[in-house]
Amino acid sequence: MRRQLSAVISWSYFVAIYGFIFLPVGVLVLFSFQDGNLPIPPFNGATWKWYAEVFADDKLTSALGNSLMVAFLSSLLACVLGFCAAYGLARYRLPGTAFQRVLLTAPMTVSYLIIALGLLVVFNWVGIRLSLWTVGIGHVVINLPLCFAIIYASMGDHQKNIERAARDLGASNLQIMILITAPILMPSILAAFFLSITFSWDEFIIAFLLSRFEVTLPVEIWSLLRSGLNPKTNAIGSVVFLISAVLLVLLEIFVFQGRSKDDS
Amino acid sequence: MTANLELQNITRTFDDFTAIDNISLKIDAGEFIVLLGPSGCGKSTLLSIIGGFLTPTSGRVLIDGKDMTAVPPSIRPTTTMFQDYALFPHMTLRDNVAFGLRMRNVGRSERAAKAEGFLDMVGLKASAGRKPHELSGGQRQRVALARALAVDPDLLLLDEPLGALDMNLRRQMQDELKAIQKDIGTTFVHVTHDQEEAMAIADRIVVMNSGIIEDYGKPTDIYMYPRSIFAAGFMGEVNFVPGRVTAEHDNEYDVETVFGTTRLSTDSFTAGTPNVGDETTICIRPEQFRPASASDDANRTTLCQAEVVDGAFFGTHFRCHLKPENAPDLILVAHMPQSTQLKAGDRIDVLVNPSDIIAVPPVALAS
Chain L
0 MRRQLSAVIS WSYFVAIYGF IFLPVGVLVL FSFQDGNLPI PPFNGATWKW
50 YAEVFADDKL TSALGNSLMV AFLSSLLACV LGFCAAYGLA RYRLPGTAFQ
100 RVLLTAPMTV SYLIIALGLL VVFNWVGIRL SLWTVGIGHV VINLPLCFAI
150 IYASMGDHQK NIERAARDLG ASNLQIMILI TAPILMPSIL AAFFLSITFS
200 WDEFIIAFLL SRFEVTLPVE IWSLLRSGLN PKTNAIGSVV FLISAVLLVL
250 LEIFVFQGRS KDDS
Chain H
0 MTANLELQNI TRTFDDFTAI DNISLKIDAG EFIVLLGPSG CGKSTLLSII
50 GGFLTPTSGR VLIDGKDMTA VPPSIRPTTT MFQDYALFPH MTLRDNVAFG
100 LRMRNVGRSE RAAKAEGFLD MVGLKASAGR KPHELSGGQR QRVALARALA
150 VDPDLLLLDE PLGALDMNLR RQMQDELKAI QKDIGTTFVH VTHDQEEAMA
200 IADRIVVMNS GIIEDYGKPT DIYMYPRSIF AAGFMGEVNF VPGRVTAEHD
250 NEYDVETVFG TTRLSTDSFT AGTPNVGDET TICIRPEQFR PASASDDANR
300 TTLCQAEVVD GAFFGTHFRC HLKPENAPDL ILVAHMPQST QLKAGDRIDV
350 LVNPSDIIAV PPVALAS
């Protein structure tokens, strides 16, 4: 009796917590199939109509393309810079290592709004016009600390002897980084890369403040929302969610599966 | 290829700790040298200096007569085999062994062929396409050896490479290392703290302690005629008896100990000719004692009468503790022949051949 009661309570808790997290997403996805003009109950029946409209909308599809490109390139750059910083700090005795580490991870604690404003002021001052490039720079700023932290944490001393062995066999520093260190750290580098992509993919404030004519998907969705709710916004929201979910699955497959195999 | 190695007055300090204290050493081309000593004696530091991973605070490293002191490891004609093997985990065995050749811009097919040749030498040709994590410890060790030899070094440096293996495998690998070294003729410098391993593989052993060389020579010489108390004690069980040189005869000296006066030849004084009046310590290995009944050798003389305290049968010998009557505080360890039937409480005459006794200065050699 008592055991049944505790089972009921833990199951209710389970349902409540995941319901709280995923119910809004479920409702969003459900009403993207709404056969009607308003994404609100009652559900009138399923249709693919709104998805067809999304992919027929040049503005939305080009914003989607822009988002993917910005996410991919900015994450790539953040990973390369993060790896170099981690390698330098882990392998060389540099002045003020602890201070430099703090300096590198500090942007994580600053709000995106402040970072965006700061960059806006700098770009204006230097005379750089706002474009997808400036959005990308903003995303490198927010993702570099993350990439650095993940890669630095995985750069253990046990790889030092492996790097020494490579040096002993005639490899230069650059060859060691490219042929030895980076491949060994690939699981963490990929984890950093995929996380950066997901953060860049649905980032709004920086993308909104640092772009002008060409915009990323979150900014485009925001301007769509200003004209009121309709199932089309649900459809594009579902697409965003789907792509994030795909990235998560990729992360799981390439990073965490590979990691558990290497440990055995 | 092979080359000789000369270390000239090498000193290395870390802050205020002296890891290597003015070491000079000459190693001939094609020798198998073992640096032997307890942990912290500086043997691995010395190996790092030879390999170029550390620069000495002062002194020079000459390989084949050329000054290599400031030459980085990548250009030195040395390769190191690390204690943890340090294989590249993301590469196949073939790529691991071929890595050094790749760095020397050898073409893909040529280096693959050469790598497989070296894998064949260590008996792993069939596994060339596997990755290190699929191998056992002994196999990884062989790959590390093949990888280090694939670039044809003049000197191979081995940093406690057998430390992680179990006893049987270690014996087997010692034989293989020795056979491969004889076959290719490369100079090997091998670091270990295991004196049995050192005796099994070395042409010559360098015994190190606290940053200095205590003794240097062939395994038999170091075991039979050690030049310091430390070398004698590190190479195996030994009995130390303090004494004093009391008289000199032709090529012989009288040494007075608690057992009375023993006459030793000059050869017994491994650290150099003594002066009358010098303090000395005589060293007797346990297996050099014999009970009186077993004596048919006229060279043996009675050292003392002793009481057997306890004993145990070890297969190859009967190991016992003896309490000498004229020095009850000095318990001797003896390895008596298998056939001796000794019991605790037996009183025996303990015989020893004076030419087996050596005498060294009472403190460890200090430079």
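Top line first, the protein sequences correspond to chains L and H.
Note that numbering that gives the first Met the number 0 has the first sequence beginning at 0, numbered continuously upward.
Note that numbering that gives the first Met the number 0 has the second sequence beginning at 0, numbered continuously upward.
C-beta: ideal position from N, C-alpha, C; glycine also.
Within 8 Å of any Cβ in chain L, is that where the Cβ of residue i sits?
i, result
"H:SER73", "yes"
"H:HIS89", "yes"
"H:ASP83", "yes"
"H:VAL150", "yes"
"H:GLY99", "yes"
"H:PHE52", "yes"
"H:MET102", "yes"
"H:THR265", "no"
"H:THR12", "no"
"H:THR78", "yes"
Measuring straight from C-alpha to C-alpha, what distance separates residue i and residue j?
i, j, result
"L:ALA170", "L:GLU162", "9 Å"
"H:PRO336", "H:LYS322", "18 Å"
"L:SER9", "L:MET0", "14 Å"
"H:ARG393", "L:PRO106", "Absent from the model: residue 393 of chain H. The displayed extent of chain H is 0 to 366, so no value can be given."
"H:SER43", "L:VAL101", "35 Å"
"H:GLY116", "H:ASP158", "24 Å"
"L:SER66", "L:VAL28", "21 Å"
"H:LEU176", "H:THR68", "28 Å"
"H:MET172", "H:GLY137", "8 Å"
"H:PRO361", "H:ALA231", "12 Å"
"H:GLY314", "H:SER338", "11 Å"
"H:ASP328", "H:VAL359", "21 Å"
"H:THR64", "H:ALA28", "The sequence given here has Gly at residue 64 of chain H, not Thr. Roughly 11 Å between the two C-alpha positions."
"L:LEU264", "L:TYR17", "The question about residue 264 of chain L has no answer here: the residues shown for chain L are numbered 0 through 263."
"H:ASP214", "H:SER38", "17 Å"
"L:GLN3", "L:PHE19", "24 Å"
"L:LEU168", "L:ILE220", "55 Å"
"L:TYR151", "L:TYR86", "7 Å"
"H:ASP220", "H:PRO152", "30 Å"
"L:LEU118", "L:ALA191", "23 Å"
"H:VAL190", "L:TYR111", "56 Å"
"H:LEU168", "H:ARG139", "12 Å"
Please say whether residue j and residue i have beta carbons closer to each other than 8 Å?
i, j, result
"H:ARG141", "H:PHE98", "no"
"L:TRP200", "L:ILE149", "no"
"H:ARG101", "H:LEU53", "no"
"L:LEU129", "L:LEU228", "no"
"H:GLY41", "H:MET207", "yes"
"H:THR56", "H:GLY184", "no"
"H:LEU24", "H:VAL60", "no"
Among the options, which one has its Cα closest to the Cα of residue i?
i, options, result
"H:ARG110", "H:ASN95, H:PRO71 and H:GLU30", "H:ASN95"
"H:PRO218", "H:GLN7, H:PHE233, H:VAL332 and H:MET198", "H:MET198"
"L:VAL140", "L:ASP34, L:GLU202 and L:VAL218", "L:GLU202"
"L:THR60", "L:VAL214, L:PRO230, L:LEU228 and L:GLU251", "L:VAL214"
"H:VAL307", "H:GLY50, H:VAL240, H:LYS342 and H:ASP328", "H:LYS342"
"H:PRO88", "L:LEU249, L:LEU119 and L:LEU184", "L:LEU184"
"L:ARG166", "H:LEU92, H:LEU61, H:PRO71 and H:ILE9", "H:PRO71"
"H:LEU134", "H:ALA114, H:THR91 and H:LEU331", "H:THR91"
"H:ALA143", "H:ALA125, H:ASP165, H:LEU118 and H:ASP153", "H:LEU118"
"H:ILE22", "H:ASP15, H:GLY58 and H:PRO76", "H:GLY58"
"H:ASP20", "H:THR272, H:MET166 and H:ILE48", "H:ILE48"
"H:THR301", "H:LYS65, H:GLU30 and H:GLN287", "H:GLN287"
"H:PRO160", "H:ALA127, H:GLN194, H:ASP253 and H:MET80", "H:MET80"
Round the Cβ separation of residue i and residue j to the nearest angstrom and send it over; I've been treating them as touching at under 8 Å.
i, j, result
"H:ASP277", "H:VAL244", "5 Å"
"H:ARG318", "H:HIS334", "5 Å"
"H:THR261", "H:PRO225", "H:THR261 to H:PRO225, Cβ: 18 Å. No contact."
"H:LEU155", "H:THR78", "6 Å"
"L:LEU246", "L:ILE196", "6 Å"
"H:ARG368", "H:LEU350", "With chain H running from 0 to 366 in the structure shown, residue 368 of chain H is simply not present."
"L:VAL53", "L:VAL238", "7 Å"
If we cut at 8 Å on Cβ distances, does residue i have a partner in chain H?
i, result
"L:VAL24", "no"
"L:LEU189", "no"
"L:GLY169", "yes"
"L:ALA164", "yes"
"L:GLN3", "no"
"L:PRO182", "yes"
"L:ILE179", "yes"
"L:TYR91", "no"
"L:ILE150", "no"
"L:GLN174", "yes"
"L:ASN310", "This structure does not reach residue 310 of chain L, given that chain L is present from 0 up to 263, and the question cannot be answered."
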